[in-house]
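Position 171, counted from 1, in the sequence shown is what the numbering used here calls 172; the numbers after and before it change by one each time, with no gaps. No residue lacks a Cβ here, since even glycine has one placed at the ideal position from N, Cα and C. Every value quoted in this text rests on a predicted model; they were computed, and no experiment measured them.
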Amino acid sequence: MNCHVRSAAILQKRSLEMVCSHTSCPASLELRDIDAVVAWSETNRLAFNASKCKSITFTRSKSPILVSYELAGSPLERLEYNSIVWDPQEKLYSVMIEKVQRKFARFIYKREYGYYPFLYPSIFVSGMVGLDTLELRRKHVHMLHYYFLLIGRIDNPSVRETIHFYVPDQYLRGSGRRRHRLLASSPSWRSPHGGNCPTGRAVPMLNDFLQRNLDADLFFDGVNIMSRHILRYLNNFN
2 MNCHVRSAAI LQKRSLEMVC SHTSCPASLE LRDIDAVVAW SETNRLAFNA SKCKSITFTR
62 SKSPILVSYE LAGSPLERLE YNSIVWDPQE KLYSVMIEKV QRKFARFIYK REYGYYPFLY
122 PSIFVSGMVG LDTLELRRKH VHMLHYYFLL IGRIDNPSVR ETIHFYVPDQ YLRGSGRRRH
182 RLLASSPSWR SPHGGNCPTG RAVPMLNDFL QRNLDADLFF DGVNIMSRHI LRYLNNFN
C-alpha cells in the first residue's frame, strides 16, 4: 500500500484489517487513517463495500473507549451490535462470524508474544489473549436478556406472554430443602425456524442452567452473581 497510515494495516487476500491503540493513536488520527485508505482504494479503483466493514474493540478496561467510525460517510457497525437478534443457529454462518474474531485474536497474540500462532488451535489463542468466543458471549448476553426480562429490568409484555411458568404448590421458602423445579415449559413451535427464535432457545437454556446450579435463584441473587453463575455454566456445559 502506498498510502500513509499510522495504524497497523494487515492486507489479507480479499480483506484489509486496520489495528490501532487508543492510548498511542488518538481518534482523530484513526479517522484520518480510514480516510487515507478510502482515498487510496478509490485511486486504485478498489472501492470498499461499507456494508461489509465492521469495527471491533479489544480492551480489558471496565470503562472502554468507544469511538464511532465512518467509512466514506457511512457509519461503521460494531461487530456485536444487537446480538440477541444477530445470533445465527446454522453452523455455516456461526463459523463465518467466529472467523473474524479468530483472525483478530491471532494478531493480538502476535503483538503480545512476538510471533504468529500458525499451528495453535483457535480456542487456545483466544484464551491466551483473554477473549471469550463470540458464540459464548452471545449466549451469555442472550440468557442475561431473558433474566432481566423475568426480574422486571426489561419491559416486554409480548415476549413474556410466550413464557409459561411452572408455579409449584405447597412451597414455602425456608421449609427445608426444596425440589428444584423447572422454570417454565419449553414452547412448542410449528417449524424448526420457530424453535430457533430467541425465546425458543432461551427457555431450555435457563431450565438446564437451574437444574445444574441448585444454588442459583433468579429472583434472589443479584445481577453480578447471576452473571457469574451463567458464565460458569456456559464454560462448563456448552
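(request) Confirm, please, whether the CB-CB distance from residue 147 to residue 193 is below 9 Å. (result) no
(message) Out of 205, 154, 117, 219, which one is the CA nearest neighbour of residue 239?
(response) 205
(message) On the criterion of 16 or more Cβ atoms from any shown chain inside 10 Å, does residue 175 qualify as buried, or is it exposed?
(response) Residue placement at residue 175 cannot be trusted, given a pLDDT of 48 that sits under 50; the coordinates are not used to answer.
(request) Could you tell me the distance, in whole angstroms, from the CA atom of residue 3 to the CA atom of residue 50? (result) Model confidence at residue 3 stands at a pLDDT of 41, short of 50, so the residue's coordinates are unreliable and nothing is read from them.
(request) Count the CB pairs spanning the region 108 to 115 and the region 128 to 140 that are closer than 8 Å, and state whether there are at least three. (result) yes
(message) Restricting to Cα atoms, I'd like to know which of 56, 73, 64, 55 is closest to residue 43.
(response) 73
(message) Does the structure place the region 141 to 161 close enough to the region 226 to 238 that three or more beta carbon pairs sit under 8 Å?
(response) yes
(message) With a threshold of 9 Å between beta-carbons, can residue 211 be considered close to chain B, or not?
(response) This model lacks chain B altogether; it includes just one protein chain.
(request) Grab me the residues of residue 76's own chain with a C-beta within less than 8 Å of its C-beta, minus the 5 sequence neighbours each way, in chain order. (result) 69, 70
(request) Can you grab the Cα-Cα spacing for the pair residue 104 / residue 140, in whole Å? (result) 21 Å
(request) Note down the Cα distance separating residue 186 from residue 78, rounded to an integer number of angstroms. (result) 36 Å
(request) Would you mind sorting residue 102 into buried or exposed? The rule is 16 or more other CB atoms within 10 Å of its CB. (result) buried
(message) Let me confirm a value: residue 57 is counted as buried when at least 16 other C-beta atoms fall within 10 Å, else exposed. Which label applies?
(response) exposed
(request) Give, in chain order, every unbroken run of the beta strand (DSSP E) that is at least 3 residues long and sits entirely within the region 110 to 175. (result) none
(request) Starting from residue 212, follow the alpha helix (DSSP H) in both directions and report where the run begins and ends. (result) 199 to 213
(message) How far does the alpha helix (DSSP H) with residue 234 in it extend, from its first residue to its last?
(response) 224 to 238
(request) Can you have a look at residue 106 and say buried or exposed, based on whether 16 or more other CB atoms are within 10 angstroms of its CB? (result) buried
(request) Taking the CB atoms as reference points, tell me whether residue 150 and residue 184 lie closer together than 9 Å. (result) no
(request) Give me the Cα-Cα distance between residue 154 and residue 224, rounded to the nearest whole angstrom. (result) 10 Å
(message) For residue 48 and residue 36, I'd like the C-alpha separation in whole angstroms.
(response) 12 Å
(request) Determine the direct distance from the alpha carbon of residue 52 to that of residue 158, and round the result to whole angstroms. (result) 33 Å
(request) Within its chain, find whatever has a CB closer than 6 Å to the CB of residue 39; leave out the 5 residues flanking it on each side and keep chain order. (result) 73
(message) I need the straight-line Cα distance from residue 160 to residue 203, nearest angstrom please.
(response) 11 Å
(request) Can you tell me which of the three DSSP states residue 39 falls into? (result) helix
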